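What follows is a short report on a single structure.
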Amino acid sequence: MQPSTKSCPTEYIVTDEDASQYIRHCAVAALLLVAGYVLFIAEFISPLILFAIVAVTLPRWIINVHELFHIRNDKQINGVIRCLGMSPVPLSVLTLSYTEKRKIHLEHHRTPATESDPDSYHIRGNFFVVFMNALTAPEQSFIRFLVVNGFNLQLGLHLIIKLLLLGILVGLGGAKFFWFWLSLRIVYGVGDLVFFRLVHHQKGQYGTFEMKISNALSRWAERIFGATVIQATVNHDVHHLHSGIAVRYLAMARPYVMTFPQKPYPQGNENEQIYANQMN
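Under the working numbering, read the sequence shown as residues 901 to 1180, first letter to last.
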């Protein structure tokens, strides 16, 4: 049985406008990242300032794409996000696109933090190993996906496009691109560690948990990283119980959703139809 939605106010359910907002936030994040790189190449900013720009910008793209996974399939998303996937600047020559990452993420929701979870390699086990896996998640996700699902023409085309994009960025910045890429990989790896390990493993137990932080810390974190990033992280347990709730309502929905049966909300085609009906 799926959790009842009657106990959760309908105004908390994600809407088409929410999806449009997530896409706009991705566009702003991408523009800021590119602008930061250009300023760095022109020597207007230092590597440290570039890292700060990446640190407050890349997580916004990642979380907004994560939210889109639950309300937009690959045919409903624009070609830029469909190709680039989890980062507006390719993190590697081997990265998955939106379609593949979405498939992995929906499988993660079906069996979160279990051995069957395709994301278990950067959730379960020794912390140091998990951290190393988080840092190499782009390549590992690519290889692990291909082992199970094989290669396809669309993925190959996207890889070529991303390789060309990497070539352009390297051509523009030369050796300076390394510092940009290193900033991206560090921020991505730390963010991956938080959004997978820390919300799915607490006090020696695997599952899906709330990340409790003080109100003051939450307010400052939202000012730095944005409300969507912080709310999606600290209320990750609510999201897993009902991924149809808009990020801005996760905290308010907690008293309702936590009365649901303790299992993930159904994902995939069935869930897409539920959301489509709610938005019509």
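For each residue, glycine too, the CB sits at the ideal point set by N, CA and C. Keep in mind that this is a model prediction, so the values were computed, not measured.
Looking only at its chain, what residues have a beta carbon closer than 6 Å to the beta carbon of residue i, apart from the 5 residues adjacent to it on each side?
{"i": "Tyr912", "result": "Ile1145, Tyr1149 and Ala1153"}
{"i": "Trp1079", "result": "Pro947"}
{"i": "Tyr937", "result": "Phe1080"}
{"i": "Ala1121", "result": "Ile1130"}
{"i": "Phe944", "result": "none"}
{"i": "Leu1066", "result": "Pro990"}
Within 10 angstroms of its Cβ, does residue i collect 16 or more other Cβ (buried), or is it exposed?
{"i": "Glu967", "result": "buried"}
{"i": "Ser1020", "result": "buried"}
{"i": "Trp1081", "result": "buried"}
{"i": "Asn1180", "result": "With a pLDDT of 33 at Asn1180, under the threshold of 50, the modelled position of this residue cannot be trusted; read the value that follows with caution. So Asn1180 ends up on the exposed side."}
{"i": "Asp916", "result": "exposed"}
{"i": "Lys975", "result": "exposed"}
{"i": "Phe1051", "result": "exposed"}
{"i": "Gln1105", "result": "exposed"}
{"i": "Leu1064", "result": "exposed"}
{"i": "Val1047", "result": "exposed"}
{"i": "Arg1123", "result": "exposed"}
{"i": "Asn1033", "result": "buried"}
{"i": "Ile977", "result": "buried"}
{"i": "Phe1027", "result": "exposed"}
Am I right that residue i and residue j are in contact with their C-beta atoms under 8 Å? What's the rounded C-beta distance?
{"i": "Val1099", "j": "Thr1128", "result": "Not a contact, Cβ separation roughly 15 Å."}
{"i": "Tyr1088", "j": "Leu931", "result": "Incorrect: roughly 18 Å between the Cβ atoms, too far for contact."}
{"i": "Arg1142", "j": "Cys908", "result": "The residue you asked about is not Arg; residue 1142 is His in the sequence shown. Confirmed, Cβ separation roughly 6 Å."}
{"i": "Thr1108", "j": "Ala955", "result": "25 Å between Cβ atoms; not a contact."}
{"i": "Lys1084", "j": "Ser987", "result": "First, the residue type needs correcting, since residue 1084 is Leu and not Lys in the sequence shown. Yes, they are in contact, since the Cβ atoms of Leu1084 and Ser987 sit about 7 Å apart, within 8 Å."}
{"i": "Val1030", "j": "Ile1023", "result": "7 Å"}
{"i": "His1009", "j": "Asn964", "result": "About 17 Å separates the two Cβ atoms, so there is no contact after all."}
{"i": "Leu994", "j": "Phe1042", "result": "4 Å"}
{"i": "Arg960", "j": "Ala929", "result": "4 Å"}
{"i": "Phe940", "j": "Leu933", "result": "Not a contact, Cβ separation roughly 11 Å."}
{"i": "Pro1018", "j": "Ile1004", "result": "5 Å"}
{"i": "Ala1151", "j": "Gln1131", "result": "6 Å"}
{"i": "Arg972", "j": "Ala927", "result": "That pair is no contact at about 15 Å."}
{"i": "Leu1006", "j": "Phe1045", "result": "Incorrect: roughly 13 Å between the Cβ atoms, too far for contact."}
Hey, could you find the ends of the alpha helix (DSSP H) residue i is sitting in?
{"i": "Asn1033", "result": "Phe1027 to Leu1035"}
{"i": "Ile949", "result": "Pro947 to Phe969"}
{"i": "Ser1083", "result": "Lys1076 to Asp1092"}
{"i": "Cys983", "result": "Gly979 to Leu984"}
{"i": "Tyr998", "result": "Tyr998 to Arg1010"}
{"i": "Phe940", "result": "Asp916 to Ile941"}
{"i": "Val989", "result": "Element bounds for Val989: n/a, residue is neither H nor E."}
{"i": "Leu1069", "result": "Leu1053 to Gly1073"}
Leaving aside the five residues before and after residue i along the sequence, list all residues of the same chain whose C-beta is less than 7 Å from its C-beta, in chain order.
{"i": "Phe1095", "result": "Thr1133"}
{"i": "Leu1072", "result": "Ile941"}
{"i": "Glu1039", "result": "Ser992 and Leu994"}
{"i": "Ile1061", "result": "Cys983"}
{"i": "Val1090", "result": "none"}
Apart from the five residues just before and just after residue i, which ones in its own chain have a Cβ nearer than 8 Å to its Cβ?
{"i": "Gln1054", "result": "Ser997 and Thr999"}
{"i": "Glu1015", "result": "Arg1024"}
{"i": "Asn1169", "result": "Because the pLDDT at Asn1169 is just 38, under 50, the model does not fix this residue reliably, and the value given afterwards should be weighed accordingly. Closer than 8 Å at Cβ, skipping near neighbours: no residue."}
{"i": "Asn1049", "result": "Glu1000 and Lys1003"}
Scan the segment 1098-1171 and note each continuous alpha helix (DSSP H) run of 4 residues or more that stays entirely inside, going in chain order. DSSP runs (the alpha helix (DSSP H)) wholly in the segment 1098-1171: 1115-1125, 1127-1134, 1136-1141 and 1150-1157.
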